[in-house]
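Novice:
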Amino acid sequence: MDMETWFAPAIELGQLVKEYREAAPGEKQRLEWQIRNSDYLSRLHILQSYSGAGFLQGLLPEEKINVIRKDFFMNPATPSPQPEGERHYQMPYHRHDYLELIFVLRGKYVQSINGVLHELKAGEVCMLNPNVIHRDEISGMEDRVLFMGLSSGFLKGELTRFFAPHPEIAAFMENQYGRTDQQYIWFGRNDFAPVQALLEQIVEEDERKLPGHHLVIKGYLVRLFGLLAENHNYVCHYQSRSEIEENLVAEILKYMEDHLADVDRTGLAAFFHFNPDYLNRFLVRMTGENYSSNLRRIRLQRAAEELKHTDKSVNDIIHGLGFSNKGHFNRMFSEMYGMLPGAYRKEQ
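So the sequence shown is numbered by the UniProt record's numbering: it starts at 1 and just counts up by one.
Encoded structure:
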């Protein structure tokens, strides 16, 4: 099966979701029915049960996307173009209990791994070990990205032996669990045509499900890993726990800065795959301030910048940053800057 045919249901779903976001209220019910009953979702497989919050912006019940398999899966990524003028949609942070590979067949794919942003281009591959915290962005309708998941026992022995000449990859495969650092491997662009041909053969076997297809797929996967190791430049990335935490706190604060008007602790925690109370403790440990204090400081700093560099009225600045009470804002601003907003503006 060629990849464009295999991707067709995902592309159709991406277009439906875009139409849903742009639709008038009276049209949303019809489009929601089409999304819930799309061909793509009937084929979707995963290896673990996880919350569907944020998936397709909450259009689907969790049970609709928890089609559990025990060994491996391949899913075409659904593009997520935004209506004109809307902020780009980002998949919330999440983690898996299985090995994940991402193949960029066409276009690009943006991924944040443990707070570090990466952009993969056509012909590049990323392999994540279990429990790596990450989020995905696939925006263009022309992008073609394939996700593959492998359970912990699937191919483990074969691949460890197979990668003996490549010690970094062998160590990655052998030590997927129980590490204090978290790893991922980036495979650079080279001759991608043989890789795509093997992916198409795997898809064909998985679709037809003839007797023995499971063993055939295992053989194809061993060949696939061989191509990646032999024909691609690769780099193994290791992040210590302290590096991960430093990157994550920086991205949490950046997210707060980008959503000052509407951020709340519950939504922020969900986006970063944290419990709200743990998020608060994490911020205190990393910054010395809890969520509320960090948000107040960031909002007041932004208010000071806007007072200095724009001609917005104080009221417009207050409401634009999510403050609801002018008197309360004035008191907090005075505590931080030693003067009222109007006086601060005059001094600049």
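Note that CB positions come from ideal geometry on N, CA and C, so glycine has one too.
Just so we're clear, the structure is a prediction, and the values are computed from it rather than from any experiment.
Can the beta-carbon of Gln201 be found closer than 7 Å to that of Tyr220?
Specialist: Yes.
Novice: What are the boundary residues of the beta strand (DSSP E) that includes Lys121?
Specialist: Lys121 -> beta strand (DSSP E) spans 116 to 121.
Novice: Going by DSSP in three states, Arg189 sits in which element: helix, strand or coil?
Specialist: Of the three classes helix, strand and coil, the one that applies to Arg189 here is coil, per DSSP.
Novice: Give, in chain order, every unbroken run of the beta strand (DSSP E) that is at least 3 residues long and sits entirely within the segment 192 to 267.
Specialist: Here the runs fully enclosed are 234 to 239.
Novice: Ignore the nearest five residues each way along the sequence and tell me which others in Asn290's own chain have a CB closer than 7 Å to its CB.
Specialist: Closer than 7 Å at Cβ, skipping near neighbours: Asn280, Leu283, Val284.
Novice: Pick out whichever of Phe271, Glu27, Gly26, Glu12 has its Cα sitting closest to the Cα of Pro79.
Specialist: Among Phe271, Glu27, Gly26, Glu12, the Cα nearest to that of Pro79 is on Glu12.
Novice: Starting from Gly149, trace the beta strand (DSSP E) both ways and give me its first and last residue.
Specialist: Residues 144 to 150.
Novice: When the Cα atoms are used, what is the spatial distance from Gly26 to Arg302?
Specialist: Gly26 and Arg302: Cα-Cα distance of roughly 39 Å.
Novice: For Ala164, collect the residues of the same chain with a Cβ closer than 8 Å to its Cβ; drop the 5 residues on either side in sequence, then sort them by chain order.
Specialist: Hits under 8 Å: Ala170.
Novice: Near Gly54, which residues of its chain fall below 6 Å by C-beta distance, leaving aside the five closest residues on each side in sequence?
Specialist: Because the pLDDT of Gly54 is 47, which lies under 50, any placement of that residue in the model is unreliable, and the question is left without a value.
Novice: Strictly by DSSP, which residues pair up with Leu101?
Specialist: Per DSSP, Met127, Met148.
Novice: Taking just the CA atoms, how far does Arg30 sit from Ala24?
Specialist: So the alpha carbons of these two residues sit roughly 11 Å apart.
Novice: Residues in the same chain with beta-carbon distance under 6 Å from Gln34, minus the five sequence neighbours each way, listed in chain order, please.
Specialist: Closer than 6 Å at Cβ, skipping near neighbours: Leu16.
Novice: In angstroms with no decimal places, state the Cα-to-Cα distance between Glu246 and Met286.
Specialist: If I take the Cα positions, the gap works out to 8 Å.
Novice: In three-state DSSP terms, what is Val284?
Specialist: Val284 falls in the helix class under three-state DSSP.
Novice: Would you kindly work out how many angstroms separate the C-alpha atoms of Glu124 and Asn330, rounded to a whole number?
Specialist: Roughly 52 Å between the two C-alpha positions.
Novice: Our contact map puts Leu295 next to Met256 with C-beta atoms below 8 Å; I'd like the distance itself, whole angstroms only.
Specialist: That belief holds up - the Cβ atoms of Leu295 and Met256 are roughly 6 Å apart, short of 8 Å.
Novice: Just to check my reading of the structure: Ala77 and Ile138 have Cβ atoms closer than 8 Å, yes? What is that Cβ distance to the nearest angstrom?
Specialist: Going by Cβ atoms, the distance from Ala77 to Ile138 rounds to 5 Å, so yes, they are a contact pair.
Novice: Checking the sheet assignment: what are the DSSP bridge partners for Gln29?
Specialist: For Gln29, which the question treats as bridged, DSSP gives no partner whatsoever.
Novice: Nearest to Leu253 by CA position, among Phe333, Pro9, Arg297, is which residue?
Specialist: Comparing Cα-Cα distances from Leu253 to each of Phe333, Pro9, Arg297, the minimum goes to Arg297.
Novice: Between the Cα of Met173 and those of Arg189, Phe154, Asp191, spot the shortest distance and give me the residue it belongs to.
Specialist: It is Phe154 whose Cα lies nearest to the Cα of Met173.
Novice: DSSP state of Met339, grouped into three classes?
Specialist: If DSSP states are grouped into helix, strand and coil, Met339 belongs with coil.
Novice: Indicate the three-state DSSP secondary structure (helix, strand or coil) for Pro79 in the structure shown.
Specialist: Here Pro79 sits in coil by DSSP.
Novice: Taking the straight line between their C-alpha atoms, what separation do you get for Asn75 and Ser334?
Specialist: One C-alpha to the other measures close to 54 Å.
Novice: Should Tyr98 be labelled buried (16 or more other beta-carbon atoms within 10 Å of its own) or exposed?
Specialist: It counts as buried.
Novice: Give the DSSP-derived three-state secondary structure of Val132 in the structure shown.
Specialist: Val132 falls in the coil class under three-state DSSP.
Novice: Pull up the CB-CB distance for Arg144 and Leu105, whole angstroms please, since I reckon it's below 8 Å.
Specialist: Their Cβ separation, rounded to whole angstroms, is 4 Å, which keeps Arg144 and Leu105 in contact under 8 Å.
Novice: Determine the closest residue to Arg241 out of Arg21, Tyr109, Ile113, with distance taken between C-alpha atoms.
Specialist: Measuring from the Cα of Arg241, the nearest candidate turns out to be Ile113.
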